[in-house]
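*Asks:* Structure incoming, see below.
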Amino acid sequence: MANQTGAAKATKAVKPGPTAVAGAGTRALDRIIHERLRLGIVSALSVNESLTFRELKKILDTTDGNLSVHARKLEEAGYIGCEKKFEGRLPRTEYRLTYSGRTALENYLTHMEALIHAMRQG
Amino acid sequence: MAAVRPIRSESPEPIGLHVQAMDNLRFIRSTMETAGSFTAVPGRGGVLMGATALFAAFAAHMSANPRAWLKVWMAEALLALAIGLGFSWRKATRNSTPLLSKPFRRFVLALAPSVFAGALLTFVLYRRGLSQLLPAMWLLLYGAGITSGGAFSVRVVPVMGMSFLALGSIATLAPLSLADLLLAIGFGGFHIVFGCVIARRYGG
Numbered sequence: 087m088a089n090q091t092g093a094a095k096a097t098k099a100v101k102p103g104p105t106a107v108a109g110a111g112t113r114a115l116d117r118i119i120h121e122r123l124r125l126g127i128v129s130a131l132s133v134n135e136s137l138t139f140r141e142l143k144k145i146l147d148t149t150d151g152n153l154s155v156h157a158r159k160l161e162e163a164g165y166i167g168c169e170k171k172f173e174g175r176l177p178r179t180e181y182r183l184t185y186s187g188r189t190a191l192e193n194y195l196t197h198m199e200a201l202i203h204a205m206r207q208g
Numbered sequence: 017m018a019a020v021r022p023i024r025s026e027s028p029e030p031i032g033l034h035v036q037a038m039d040n041l042r043f044i045r046s047t048m049e050t051a052g053s054f055t056a057v058p059g060r061g062g063v064l065m066g067a068t069a070l071f072a073a074f075a076a077h078m079s080a081n082p083r084a085w086l087k088v089w090m091a092e093a094l095l096a097l098a099i100g101l102g103f104s105w106r107k108a109t110r111n112s113t114p115l116l117s118k119p120f121r122r123f124v125l126a127l128a129p130s131v132f133a134g135a136l137l138t139f140v141l142y143r144r145g146l147s148q149l150l151p152a153m154w155l156l157l158y159g160a161g162i163t164s165g166g167a168f169s170v171r172v173v174p175v176m177g178m179s180f181l182a183l184g185s186i187a188t189l190a191p192l193s194l195a196d197l198l199l200a201i202g203f204g205g206f207h208i209v210f211g212c213v214i215a216r217r218y219g220g
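As structure tokens, this is what we get:
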């Protein structure tokens, strides 16, 4: 429960940037990855074939609850795939970036770069 | 009457969208670099390096004189370097990361001094007729380089380095007749075993 509250807080932490950015003449920003932890998950998975829950937790320095809630959101959006296995008796959850997840990250990067370029020119 | 103070302090300058965008890009890059340490060392390349080292150990053992023996191992070192670089490039391309990403640069910079020292000492010791010291020196210096390079990588890499250090220590005491066997265990066996672990767990 405590974890879920933490996750909810983290979700609320999304800054009001998207609306403003969308209004700045560029296409709508992907709200799913425009959140620190979800962006971190997608970025970390983009340079690895797969990462376990524990590895992602270590890389992103976050809690179990936060990571699982945000990973589930990405999974629901089809950006990452999740596979649950057993290593001996220990459960092992492995995440992979899907094709649409990689495309979403590439679009997000393009969007950010376009935004910086537009602001510099303006 | 006391002056009325505003409850809220004056808000700082609003953060520009481009500043926020740059911050996001920096975050993506640093996350990729941290996570990239899982991929910097190519596992499959290690397996291939191990396989060629086994052939080299056999060929070196069959060689007629110290000069031919050294030539075999020098050729193997160059081949291993080419395999290592080739597979690192392959892995970086497949994972869409630049080859000279921070973790890879760190690994190479930590390994390079040991490789340089090894190359120089090989030349000096061979010229002075002290070739019998070469196997232990190669294993120890390679182990030292991999251990320090692995400090920035996943745990399996420094463990591999320490295994080379342990084997190198044994080589300092072992008779010369076992030199090729020890080199086969280190450059062949360790590369294959640890390469398989890295390939299976850390993305190729």
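These protein sequences, in sequence, are chains A and B.
Okay, so the first sequence: first residue is 87 according to the numbering used here, each after it adds one.
Okay, so the second sequence: first residue is 17 according to the numbering used here, each after it adds one.
From the three backbone atoms N, C-alpha and C, an ideal C-beta is built for every residue, glycine too.
Since the structure is predicted, the reported quantities are computational estimates derived from the model, not experimental observations.
1) What three-state label does DSSP hand A:Thr138 in the structure shown?
2) Decide if B:Gly202 is buried, meaning its Cβ has at least 16 other Cβ atoms within 10 Å, or exposed.
3) When we look at the beta-carbon of B:Thr47 and count the other beta-carbons within 10 Å, is it buried (16 or more) or exposed?
4) Please specify which runs of the alpha helix (DSSP H), each continuous and at least 4 residues long, are wholly inside the segment 63 to 138 of chain B, giving them in chain order.
5) In terms of residues, what are the limits of the beta strand (DSSP E) holding A:Arg182?
6) Entirely within the segment 124 to 203 of chain B and at least 4 residues each: give me those alpha helix (DSSP H) ranges in chain order.
7) Which chain E residues are close to B:Ala37, counting only those with a beta carbon under 7 Å from its beta carbon?
8) What whole-angstrom Cβ distance do A:Phe139 and A:Thr184 have, given they're in contact under 8 Å?
9) Taking a contact to mean a Cβ-Cβ separation below 8 Å, would you say A:Ala157 touches A:Ile166 in this structure?
10) Given 8 Å as the limit, is there contact between the segment 114 to 133 of chain A and the segment 183 to 199 of chain A, that is, 3 or more CB pairs closer than that?
11) Roughly how far, in whole angstroms, is the beta-carbon of B:Asn40 from the beta-carbon of A:Leu123, given that I think they are within contact range, below 8 Å?
12) Contact between the segment 157 to 165 of chain B and the segment 177 to 185 of chain B: three or more CB pairs below 8 Å?
13) Hey, how far is the Cα of A:Ala110 from the Cα of A:Met205?
14) Only counting the same chain, and skipping five residues up and downstream in sequence, which positions put a Cβ closer than 7 Å to that of B:Leu183?
15) In angstroms with no decimal places, state the Cα-to-Cα distance between B:Val172 and B:His34.
16) If we define contact as Cβ-Cβ less than 8 Å, is B:Gly211 a contact residue for chain A?
17) Should A:Leu183 be flagged as near chain B, meaning a C-beta pair shorter than 8 Å?
18) Mind reading off the beta-carbon distance from B:Trp85 to B:Ala76? Whole number of angstroms is fine, and I expect it under 8 Å.
19) Using beta carbons (cut-off 8 Å, strictly below), is A:Arg158 in contact with chain B?
20) With burial defined as no fewer than 16 other Cβ atoms inside 10 Å of the residue's Cβ, what is the status of B:Asn81: buried or exposed?
21) Below 8 Å on C-beta distance, what does B:Phe43 contact in chain A?
22) Identify which residue in B:Leu189, B:Phe120, B:Gly134 and B:Trp89 has its Cα closest to the Cα of B:Thr68.
23) Using three-state DSSP, classify A:Gly151 as helix, strand or coil.
*Replies:* In short, the structure shows the following:
1) If DSSP states are grouped into helix, strand and coil, A:Thr138 belongs with the strands.
2) With 16 or more other CB atoms across the displayed protein chains lying within 10 angstroms of its CB, B:Gly202 is buried.
3) By the 10 Å Cβ count, B:Thr47 comes out buried.
4) With a minimum length of 4 residues, the continuous alpha helix (DSSP H) runs that stay inside the segment 63 to 138 of chain B are 82 to 110.
5) First-last of the beta strand (DSSP E) with A:Arg182: Leu176 to Leu183.
6) The DSSP assignment places complete alpha helix (DSSP H) segments of no fewer than 4 residues inside the segment 124 to 203 of chain B at 150 to 166, 172 to 189 and 195 to 199, in order along the chain.
7) Absent from the structure is chain E; the protein chains it does hold are A and B.
8) With a Cβ gap of about 17 Å, A:Phe139 and A:Thr184 do not count as contacting.
9) In this structure, A:Ala157 sits near A:Ile166, with a CB-CB distance shorter than 8 Å.
10) Remark: three or more beta-carbon pairs, one from each stretch, lie closer than 8 Å, so the segment 114 to 133 of chain A and the segment 183 to 199 of chain A are flagged as touching.
11) That belief does not hold up - the Cβ atoms of B:Asn40 and A:Leu123 are roughly 13 Å apart, past 8 Å.
12) Three or more beta-carbon pairs separated by less than 8 Å link the segment 157 to 165 of chain B to the segment 177 to 185 of chain B, which places the two stretches in contact.
13) At A:Ala110, the pLDDT of 43 sits below 50, so the modelled position is not reliable; the number obtained from the coordinates is stated separately. When rounded, the distance between both Cα atoms is 10 Å.
14) Only Leu155, Leu198, Ile201 and Gly202 meet the Cβ criterion.
15) The alpha-carbon separation between B:Val172 and B:His34 amounts to approximately 40 Å.
16) Chain A, which has no Cβ nearer than 8 Å to the Cβ of B:Gly211, makes this no.
17) Judged by the 8 Å Cβ criterion, A:Leu183 is not in contact with chain B.
18) Rounded, the Cβ-Cβ distance is 5 Å, consistent with contact.
19) Cβ-Cβ to chain B under 8 Å: no for A:Arg158.
20) B:Asn81 is exposed by the Cβ-count criterion.
21) Per Cβ cutoff of 8 Å: Arg122, Leu125, Gly126 and Ser129.
22) Taking the Cα of B:Thr68 as reference, the smallest distance to any Cα among B:Leu189, B:Phe120, B:Gly134 and B:Trp89 is reached at B:Trp89.
23) In this structure, A:Gly151 counts as helix in the three-state DSSP scheme.
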